[in-house]
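Notes for the one structure printed next.
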Amino acid sequence: MPHLIVKMVTGRSREQKDALAVELTRAVNSVLGCGEDAVSVAIEDFVATSWVERVYVPDIQDRAELIYKKPGYDPFA
0 MPHLIVKMVT
10 GRSREQKDAL
20 AVELTRAVNS
30 VLGCGEDAVS
40 VAIEDFVATS
50 WVERVYVPDI
60 QDRAELIYKK
70 PGYDPFA
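Heads up: the sequence shown begins at 0 in numbering that gives the first Met the number 0, then just goes up one per residue.
Right under this line is the structure:
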């Protein structure tokens, strides 16, 4: 029962979000071998000015042990 949560900066259309959910579901099905009905996808939008405080620090920096693909940027550099 994978549940994916995607956090991103605002600005993507509903169509883009729908397409992302479809592609993520396909990838989960392919890699994990679970049925489409087992997958759920949530998408959370954040304004760019709050990204570091609300996403980068609590979800990426402070939970580094859970990150399987690190971002290629450092907001503190």
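For each residue, glycine too, the CB sits at the ideal point set by N, CA and C.
Boundaries of the beta strand (DSSP E) around Lys-6: 2-8. When C-beta atoms of the segment 15-24 are compared with those of the segment 38-58, three or more pairs fall below 8 Å, so the two segments count as touching. As for any beta strand (DSSP E) of minimum length 3 sitting wholly inside the segment 12-57, the runs are 39-45, ordered along the chain. Taking a 10 Å sphere around the C-beta of Tyr-67, we find fewer than 16 other C-beta atoms and assign the residue as exposed. Excluding residues up to 5 positions away in sequence, Asp-44, Phe-45, Val-46, Ala-47 lie with their Cβ nearer than 8 Å to the Cβ of Thr-9 in the same chain.
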